[in-house]
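Positions in the sequence shown are counted from 1; adding 1202 to them yields our numbering.
For glycine and all other residues, C-beta sits at the position ideal for the given N, C-alpha and C.
First comes the structure, then the notes that go with it.
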Amino acid sequence: MSTILETINSPADLKKLSMPELKQLANELRTFIIDNVSKTGGHLSSSLGTVELAIAIHYVFDTPEDRLVWDVGHQAYAHKILTGRRDRMPTLRQYKGLSGFPKRSESPYDCFGTGHSSTSISAILGMAVAAKTLGKKDRSHIAVIGDGAMTAGMVFEALNCAGDMKDLRLLVILNDNDCSISPPVGALKNHFTQLMSGQFYAQARDIGKAIVRPLPKLFDLTKRAEEYSKGMVAPHSTLFEEFGMNYHGPIDGHDLEVLIPVLQNMKQLNGPLVLHVVTQKGHGYAPAVDNPTKYHGISPFDSSKGIVPSSHAKTYTEVFSDWLLDIARKDPRVIAITPAMKEGSGLVAFAKEFPSRFFDVAIAEQHAATFAGGLAAEGLKPVCTFYSTFSQRAFDQIVHDVAIQDLPVLFPLDRGGLVGADGATHHGSFDLSFLRCIPNLVIMAPSDENECRQMLYTGYKLDHPAIVRYPRGKGPGVPVEKEMHELPLGKARRVRTGTAPKGSRVAMLAFGSMLAEAKAVAEKIDATVYDMRFVKPVDADAIEEAAKNNDLLVTLEENVIIGGAGDACLEVLAAKGLLADVLQIGIPDRFIQQGDNLHLYQECGMDEESILNKIEERLKRVE
1203 MSTILETINS
1213 PADLKKLSMP
1223 ELKQLANELR
1233 TFIIDNVSKT
1243 GGHLSSSLGT
1253 VELAIAIHYV
1263 FDTPEDRLVW
1273 DVGHQAYAHK
1283 ILTGRRDRMP
1293 TLRQYKGLSG
1303 FPKRSESPYD
1313 CFGTGHSSTS
1323 ISAILGMAVA
1333 AKTLGKKDRS
1343 HIAVIGDGAM
1353 TAGMVFEALN
1363 CAGDMKDLRL
1373 LVILNDNDCS
1383 ISPPVGALKN
1393 HFTQLMSGQF
1403 YAQARDIGKA
1413 IVRPLPKLFD
1423 LTKRAEEYSK
1433 GMVAPHSTLF
1443 EEFGMNYHGP
1453 IDGHDLEVLI
1463 PVLQNMKQLN
1473 GPLVLHVVTQ
1483 KGHGYAPAVD
1493 NPTKYHGISP
1503 FDSSKGIVPS
1513 SHAKTYTEVF
1523 SDWLLDIARK
1533 DPRVIAITPA
1543 MKEGSGLVAF
1553 AKEFPSRFFD
1563 VAIAEQHAAT
1573 FAGGLAAEGL
1583 KPVCTFYSTF
1593 SQRAFDQIVH
1603 DVAIQDLPVL
1613 FPLDRGGLVG
1623 ADGATHHGSF
1633 DLSFLRCIPN
1643 LVIMAPSDEN
1653 ECRQMLYTGY
1663 KLDHPAIVRY
1673 PRGKGPGVPV
1683 EKEMHELPLG
1693 KARRVRTGTA
1703 PKGSRVAMLA
1713 FGSMLAEAKA
1723 VAEKIDATVY
1733 DMRFVKPVDA
1743 DAIEEAAKNN
1753 DLLVTLEENV
1763 IIGGAGDACL
1773 EVLAAKGLLA
1783 DVLQIGIPDR
1793 FIQQGDNLHL
1803 YQECGMDEES
1813 ILNKIEERLK
1823 RVE
């Protein structure tokens, strides 16, 4: 039997449907998303929470002529399906398949690429100003942003700018689901809670009635839903009104009979507008409703059973989590900081055991780094953890507020290197390059689980800022020593000595996660292998030794080649006046898209076979 969903190939098809058909479509969409994500993995709970919202937006507005930006974008699966990509959903997050985030090259309905949080209002404001400049006065501009993303400073910079522009057709939809990757924290979260209070709505009841009275059906509906009719427009003392935004809401983000008329009404209004909708993460799928964080970003699973825990070797994140607990029990000065990534960064156990020494500062990497600097300046031992890709946001603060003052802040960087299905926006491709140039900063890259633990301890013991950069997922399975010891600063370790004859002598200088590939290749060509350990200071003596005793040096890193660890080796050779044939292996000069890491390694020429082929080709030149 055919479904309504099968008839929807573009938003234009939505406009032909009755209200009962739209409701049925929402149910079918939710089932379709669950079925597909259970097979591909992806961001489930957030996408289930925005099904009705996506339908209502595309029903009311004329996309893609009207511009729509989804903040972060991991909640946009319904949007993708409704805009002609239903048949490609089985390829979601797969190699050369559909991206897990909005992507300009993928569809005209994705007018702006997203992946990192809190960018939508700035982007849509730019588009609205462009439309005004180009004389496109009737074009609407919609940004959908979650309450978690509202905690970033960039949002307030955008609101401050937008509030002065009264002649734009700009609508910000605040998707309030009370749950980012980690639950929202801080004063802003409390502000949104206050918006939901009875006292607040009692003050706004008369204004709310005035807004909906021109729409008799909507007025009747809002009377039946008292919690929403009480506050259709907030008093001028609210946050958004103070920024010059015309605030409306909250309304039920799952009620199409409310959503659609309100959006139709607001479509006719000029000026910067805010519509506050209340949704539920995981809506329609009980396991995701009960634990939205667990179902935020998931691997394939059995949708009938939900996610079933399984035993596995420790991930690098778990190694960090264990180390942090151990060191915190020994040293009361240890403070843990995360920008809204408590679960992903392995800080749940620490937060439970040491609540007074744990700080989730919300989506605010810049603040996190400087806050850590302040703690360090007063003699505490802050451990400020980022995902590699998000550390980009804190570059200035790491330079200005930590490194210049040589403050002993430890920055564990999770997800360094390729991260698979999340793709270009989430790969940790650049950190070694942009951090390596900062004075006073020590950078370490562990090759296995035990090295990770000892490097974390080494960074903790240093009286300088330090970074320990480790990959996503499991290591090679090396047992972790409970006892902690400092590594000699800037010293590599030779893990294999080759005996190949002159003309085919190869030394492989491996950084971090690339040691496994280096050792595998070395066994086939009888090469020497160094676990370089330190990206900064890099071991100049080891590099000189390798250059003098071998015909070819091969540097390997899970970072872009430009400016990375391999370049650090070239700088040593140049400084010492040594001539050497050097083959650099790493991420090439392009953005790498989503896919499983095996395919991505092959694409980048970083897998075992590719490395071997490159070495053999280069050795032919030596001969």
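Under the DSSP definition of a beta bridge, residue 1586 partners with 1539. In the three-state reduction of the DSSP assignment, residue 1498 falls in the coil class. Counting only runs of 3+ residues, the beta strand (DSSP E) found wholly inside the segment 1262–1308 occupies 1269–1272, in chain order.
Closest in C-alpha terms to residue 1350, from the list 1614, 1653, 1490 and 1565, comes 1565. Following the DSSP letters along the chain, one finds residue 1568 inside the alpha helix (DSSP H) bounded by residues 1567–1579. Per DSSP, the continuous alpha helix (DSSP H) segment holding residue 1518 begins and ends at 1518–1532. For residue 1487, no alpha helix (DSSP H) run applies, since DSSP gives it neither H nor E. Nearest to residue 1667 by C-alpha distance, out of 1288, 1220 and 1606, is 1606. Counting C-beta atoms within 10 angstroms of its own C-beta, residue 1793 has fewer than 16 neighbours from the protein chains shown and is therefore classed as exposed. Put simply, of 1711, 1683, 1719 and 1736 the residue whose alpha carbon is nearest the alpha carbon of residue 1748 is 1711. Collapsing the DSSP output to three states places residue 1659 in a helix. Residue 1795 and residue 1299 have their alpha carbons spaced roughly 9 Å apart. Burial state of residue 1221 is exposed, judged by a 10 Å Cβ sphere holding fewer than 16 other Cβ atoms. Boundaries of the alpha helix (DSSP H) around residue 1638: 1633–1638. In the three-state DSSP reduction, residue 1355 falls in the helix class (H, G or I). Here DSSP, grouped into helix, strand and coil, assigns residue 1803 to helix.
Secondary structure at residue 1714: helix, using DSSP grouped into helix, strand and coil. Per DSSP, the beta-bridge partners of residue 1646 are 1670 and 1736.
Residue 1599 carries a helical assignment under DSSP once its states are collapsed to helix, strand and coil.
Close CB contacts of residue 1345 within its chain, under the 6 Å cut and outside five residues either way in sequence, are with 1271, 1322, 1323, 1326 and 1374 (chain order). Under the three-state reduction of DSSP output, residue 1362 falls in the helix class. Secondary structure at residue 1445: coil, using DSSP grouped into helix, strand and coil.
Around the beta-carbon of residue 1568, 16 or more other beta-carbon atoms lie within 10 Å, marking it buried. Non-local beta-carbon contacts of residue 1266 in its own chain, meaning distances under 6 Å to residues more than five positions away in sequence, involve 1310 and 1311 in chain order. Annotation for residue 1234: no beta strand (DSSP E) segment contains it, though the alpha helix (DSSP H) segment containing it runs 1221–1242. Per DSSP, reduced to three states, the secondary structure at residue 1729 is coil, with no helix or strand assignment. When DSSP states are grouped into helix, strand and coil, residue 1751 belongs to the helix group. Shown here, residue 1453 sits in a strand according to DSSP, grouped into three states. Looking from the CA of residue 1721, the closest CA among 1713, 1731 and 1714 belongs to 1731. The C-beta separation of residue 1788 from residue 1763 comes to about 4 Å, placing the pair in contact by the 8 Å criterion. For residue 1466, the enclosing alpha helix (DSSP H) stretches over residues 1458–1469. Here residue 1687 is exposed: its Cβ has fewer than 16 other Cβ atoms, across all protein chains shown, within 10 Å.
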